[in-house]
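Okay, structure first, notes after.
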Amino acid sequence: MYFSRKMGYDLNVQVVHTFTNLQIVDYFTGFTSSAHDSNAFQYSAVVQHPGWFFGSDQEFMWGSSAYTVTSRVIPVHKRPVADDPLNRQFDTAVLHICIRSEHCMGAIKGRFQSLHGLWIRINCKRDHVDTCNWIQMCLILHNLVIDIEGEDWAAYYRSQLPCEEYTNTNPATDQTSSSGVTVSGEARHRQLVAKYTWYREERQRSQVE
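Count along the sequence shown starting at 1, add 1, and that's the number in our numbering.
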């Protein structure tokens, strides 16, 4: 196992969820936390089988700066480009969406207290698999609860977890991925920044008038 900077033995869990109701649409477990998020994400179904999740070439998902820019994944910018004023405005807007991701993880940990710290002795591969299965069952039950109770339950269980345990309010400080940025992904990134800048300027102009 990998002893992390948070002074614990951690696993890397990749979760993709909807923005509207925090329902999980994809997850991947197996790596320890020594694996970079961007590398672990490559093994998820949303990367391996994008047709299952995206209805057209125009659809994409948001992510933190830990992930590589592709035509399907649009993260906030990494430094030094994150310091550009236009990019900073764009990242601030996207941050509100990324916070929803933190809310999702907070709600899961708030309901399933075992995920605060899973006290399982791992001495072999079977133990590692059992631990991953435990986490996966919690994620599946999370979706079942949303189907039955709706999203309102999430606000309560999220409040049971100290916010510092799951909130990252400065995603630009995430570790840098070693993967290369795709050309099509970078082009879409610039296009979205330009569109948001235009929208922001038009909105300010209409308020003045």
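Here a beta-carbon is modelled for each residue, glycine too, at the ideal position from N, C-alpha and C.
Can you name the start and end residues of the alpha helix (DSSP H) that glutamine 49 belongs to? 46 to 49
Asparagine 13 beta carbon less than 8 Å from that of serine 34: Yes, the pair counts as a contact, with Cβ atoms nearer than the cut-off.
Three-way DSSP call (helix, strand, coil) for asparagine 13 in this model: strand
Flag this pair as touching only if the segment 43 to 57 and the segment 83 to 97 have three or more C-beta atom pairs under 8 Å; answer yes or no. no
Is DSSP giving valine 74 helix, strand or coil here? strand
Aspartate 92 versus phenylalanine 61: straight-line alpha-carbon distance, rounded: The C-alpha of phenylalanine 61 is placed about 16 Å away from the C-alpha of aspartate 92.
Rounding to the nearest angstrom, what Cα-Cα distance links histidine 190 and alanine 36 in this structure? 25 Å
Since threonine 33 is in the beta strand (DSSP E), which residue starts that stretch and which ends it? Per DSSP, threonine 33 is one residue of the beta strand (DSSP E) stretching across 25 to 33.
Note down the Cα distance separating isoleucine 149 from phenylalanine 29, rounded to an integer number of angstroms. 24 Å
Relative to the C-alpha of alanine 94, which residue among Lys196, Arg206 and Gln208 is closest? Comparing Cα-Cα distances from alanine 94 to each of Lys196, Arg206 and Gln208, the minimum goes to Lys196.
Using the Cα positions of leucine 140 and methionine 106, report the straight-line distance between them to the nearest angstrom. 10 Å
Could you check how far apart the C-beta atoms of threonine 198 and leucine 87 are, in whole angstroms? I think they sit under 8 Å. 5 Å
Look up tryptophan 63 in the DSSP assignment and give the residues it is bridged to. Ile75
Check the C-beta distance from phenylalanine 20 over to isoleucine 98 and give it rounded, since I have them as a contact under 8 Å. 6 Å
What would DSSP say about histidine 18, mapped onto helix, strand or coil? strand
Distance check for histidine 143 and isoleucine 109, CA to CA, integer angstroms please. 7 Å
Residue from Arg73, Asp11, Val48 and Leu116 with nearest C-alpha to alanine 188: Arg73
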